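**Q** A single structure is presented below for examination.
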Amino acid sequence: MKITDVKVISFKARTRSHPTRWGYGEPGEERDEIQRVLKIETDEGAEGYFTGGNTYFVPPPAEVVEQLVKPLLVGEDPLDREKLWQWMMGHRGVSESVIGAVDCALWDLLGRSAGVSVASLLGGYRDRVKAYASTAPNLGSPEVYAQHAIQCKERGYTAYKVHAYIYWDPVNEEPAPGKPAFAKADVEVCRAVREAVGDDMVLMLDPWGIYTYEEALYVGREIEKLNYYWFEHPMDERKTEPYRKLTEQLDIAILGPEMEPGSLYTRAEWAIQHASDMGRIDTNFGGITGVRKALGFYESIGMQCELHVGGFGNLALLGSTSEETCEYYERGLLRPDEDYDALCPPYLKEPCDPMDENGYVHIPQGPGLGIQFDWDYINANLVDG
Ligand SMILES: [Mg+2]
Numbered sequence: 317m318k319i320t321d322v323k324v325i326s327f328k329a330r331t332r333s334h335p336t337r338w339g340y341g342e343p344g345e346e347r348d349e350i351q352r353v354l355k356i357e358t359d360e361g362a363e364g365y366f367t368g369g370n371t372y373f374v375p376p377p378a379e380v381v382e383q384l385v386k387p388l389l390v391g392e393d394p395l396d397r398e399k400l401w402q403w404m405m406g407h408r409g410v411s412e413s414v415i416g417a418v419d420c421a422l423w424d425l426l427g428r429s430a431g432v433s434v435a436s437l438l439g440g441y442r443d444r445v446k447a448y449a450s451t452a453p454n455l456g457s458p459e460v461y462a463q464h465a466i467q468c469k470e471r472g473y474t475a476y477k478v479h480a481y482i483y484w485d486p487v488n489e490e491p492a493p494g495k496p497a498f499a500k501a502d503v504e505v506c507r508a509v510r511e512a513v514g515d516d517m518v519l520m521l522d523p524w525g526i527y528t529y530e531e532a533l534y535v536g537r538e539i540e541k542l543n544y545y546w547f548e549h550p551m552d553e554r555k556t557e558p559y560r561k562l563t564e565q566l567d568i569a570i571l572g573p574e575m576e577p578g579s580l581y582t583r584a585e586w587a588i589q590h591a592s593d594m595g596r597i598d599t600n601f602g603g604i605t606g607v608r609k610a611l612g613f614y615e616s617i618g619m620q621c622e623l624h625v626g627g628f629g630n631l632a633l634l635g636s637t638s639e640e641t642c643e644y645y646e647r648g649l650l651r652p653d654e655d656y657d658a659l660c661p662p663y664l665k666e667p668c669d670p671m672d673e674n675g676y677v678h679i680p681q682g683p684g685l686g687i688q689f690d691w692d693y694i695n696a697n698l699v700d701g
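In my numbering, the protein residues as written are 317 to 701.
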């Protein structure tokens, strides 16, 4: 079998999400945005697809695929995923997120051809995974977070992760550069949430890398007292030495690196340096093939690795791992004024991560990644041919 084409299908899709100055989307008036689906075609008719759904996994623009991906892939056997992965990782012009989208589509192609889920191909382990409610940042006062946490507990979530005040001044309610952060205000949010939900809900904090070392040490000690489970990505991840010190100083599990490029190689370096207690990665860092290797490494040294964000590729990986290595699915970002369960991108027939009343997300059963496209919608909204 040979790859004959790699295409990007671009189309307009209605969304309520708007970009903000502090880097996270916020809901507003409905508008059009450009969405993309990556498609790999073969001479035997087998096809593979990838798209993001509600997540940040947006396939690359057509010109990137045309210039960097197609010359590498056309004429190759799509089943040679390892060879193609090594090739793309070694080809310095292709970013890890582009490799991620292509690799996920190659796994989807194999799954569709075999008529089974990618989770099964990877070595099926479970068909559902515990989810945590991952909040949007800057939701409002500590009381707003506390009420939201109760709402999430009632919905069935057993765990809740706070994104508190990120690039945002909670006193003047306006964008702020991040340093200094609002560490004391963040702790007040964490305390209000713990008091609201009681002791039996698992809680985490993610300040998205904006703390100094001193702020991270202070907040870490405070949320240890509040029995938080992990402290995620508290500082700039380009510097590992502060992470090594923080991991040594605090009892709470430090989780990272989340956003550092380098796929499995960076993860191994951090683990060797004891720069965190729990690992982190997602398919934007080298695709299913890259993440799978990282997970094998983490498993072999007895270190937990929590997958960053949701999405189809991550779900397939979660379906093939035990809770001992990957405990949670990140569901969100959630807001009190938005019903996440009712949010399905208009170009999909089903959202990727339906959750039951006990707080488990059910892993798509395929074939392939289990993406159910609404081709009528996509074809009616095509742009650029
Ligand atoms: Mg994070």
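Positions of the beta carbon are idealized from the N, C-alpha and C atoms, including for glycine. Because the structure is a prediction, the values reported are computed rather than measured.
Roughly how many angstroms separate the alpha carbons of V625 and Y372, rounded to a whole number?
**A** Your numbering for residue 625 matches position 309 in the sequence shown. Your numbering for residue 372 matches position 56 in the sequence shown. The straight-line gap from Cα to Cα measures roughly 8 Å.
**Q** Which residue spans inside the region 352-391 form an unbroken beta strand (DSSP E) run of at least 3?
**A** 363-366
**Q** Measuring CB to CB, does V385 end up less than 8 Å from V322?
**A** For the purposes of this step, residue 385 is taken as residue 69 along the sequence shown, with counting starting at 1. For the purposes of this step, residue 322 is taken as residue 6 along the sequence shown, with counting starting at 1. Taking 8 Å as the Cβ cut-off, V385 and V322 qualify as a contacting pair.
**Q** How many whole angstroms separate the CB atoms of G595 and R583, which I take to be in contact at a CB cut-off of 8 Å?
**A** Within the sequence shown, the letter at position 279 stands for residue 595. Within the sequence shown, the letter at position 267 stands for residue 583. Contact holds; Cβ gap of about 5 Å.
**Q** Taking 8 Å as the threshold, find out whether the region 614-633 comes into contact with the region 645-665 through three or more Cβ pairs.
**A** Flag = yes, the region 614-633 and the region 645-665 touch.
**Q** Measuring only from the beta carbon, is D552 closer than 7 Å to any heavy atom that is part of ligand 1?
**A** Numbered from 1 along the sequence shown, position 236 holds the residue referred to as residue 552. No - ligand 1 has no heavy atom lying nearer than 7 Å to the Cβ of D552.
**Q** What does DSSP give as the partner residue(s) for I687 in the beta ladder?
**A** Start at 1 with the first residue of the sequence shown, and residue 687 comes out as number 371. None; I687 has no bridge partner.
**Q** Taking the alpha carbon of T336 as the point to measure from, which residue in D502, P683, I482 has its own alpha carbon closest?
**A** What you label residue 336 is simply residue 20 of the sequence shown in a count that begins at 1. Selected option, being the one with the closest Cα: I482.
**Q** Could you check if H678 belongs to the surroundings of ligand 1, using beta carbon to heavy atom distance under 7 Å?
**A** For the purposes of this step, residue 678 is taken as residue 362 along the sequence shown, with counting starting at 1. Not under cutoff, so the answer is no.
**Q** Quick check on Q589: buried or exposed, where buried means 16 or more other Cβ atoms within 10 Å of its Cβ?
**A** Position 273 of the sequence shown, counted from the start, is the residue given in the question as residue 589. Counting the other Cβ atoms within 10 Å of the Cβ of Q589 gives fewer than 16, which makes it exposed.
**Q** For V445, collect the residues of the same chain with a Cβ closer than 6 Å to its Cβ; drop the 5 residues on either side in sequence, then sort them by chain order.
**A** Working through the sequence shown from its first residue, we reach residue 445 at position 129. L634, Y645, V677, listed in sequence order.
**Q** Buried or exposed for N279, going by 16 or more other Cβ atoms inside 10 Å?
**A** No answer is possible for residue 279: it lies beyond the span of the chain, which begins at 317 and ends at 701.
**Q** Flag this pair as yes or no: are the beta carbons of A447 and Y473 separated by less than 8 Å?
**A** As a working mapping, residue 447 is identified with position 131 in the sequence shown. As a working mapping, residue 473 is identified with position 157 in the sequence shown. Yes, Cβ-Cβ distance for A447 and Y473 is below 8 Å.
**Q** Grab me the residues of G684's own chain with a C-beta within less than 8 Å of its C-beta, minus the 5 sequence neighbours each way, in chain order.
**A** Here residue 684 refers to the residue found at position 368 when the sequence shown is read from its first residue. The answer, listed in chain order, is G364, Y365, W423, D424, L425, L426, G427, R428, S433, V434.
**Q** Write down the C-beta distance between L562 and L533 rounded to the nearest angstrom, noting that I regard them as a contact closer than 8 Å.
**A** Numbered from 1 along the sequence shown, position 246 holds the residue referred to as residue 562. Numbered from 1 along the sequence shown, position 217 holds the residue referred to as residue 533. Contact between L562 and L533 holds, with the beta-carbon distance rounding to 6 Å and staying under 8 Å.
**Q** Just the Cα atoms here: how many angstroms apart are G536 and V478?
**A** Mapped onto the sequence shown, residue 536 falls at position 220. Mapped onto the sequence shown, residue 478 falls at position 162. Roughly 13 Å separates the two Cα atoms.
**Q** D692 by DSSP, collapsed to three states: which one?
**A** Position 376 of the sequence shown, counting from 1, holds the residue named residue 692. Helix at D692.
**Q** From this set, M517, C468, I319, which residue's C-alpha is nearest Y656's C-alpha?
**A** The residue labelled residue 656 in the question sits at position 340 within the sequence shown. The shortest Cα separation from Y656 among M517, C468, I319 belongs to C468.
**Q** Is DSSP giving A499 helix, strand or coil here?
**A** Start at 1 with the first residue of the sequence shown, and residue 499 comes out as number 183. DSSP places A499 in helix when its eight states are reduced to three.
**Q** Taking the CB atoms as reference points, tell me whether M575 and W546 lie closer together than 8 Å.
**A** Against the sequence shown, residue 575 aligns to sequence position 259. Against the sequence shown, residue 546 aligns to sequence position 230. No, Cβ-Cβ distance for M575 and W546 is not below 8 Å.
**Q** What do you reckon, is the C-beta of W524 under 7 Å from a heavy atom of ligand 1?
**A** Numbered from its first residue, the sequence shown carries residue 524 at position 208. Under cutoff, so the answer is yes.
**Q** Where does V487 land, buried or exposed, given buried means 16+ other C-beta within 10 angstroms?
**A** The residue given as residue 487 occupies position 171 in the sequence shown. Label assigned to V487: exposed.
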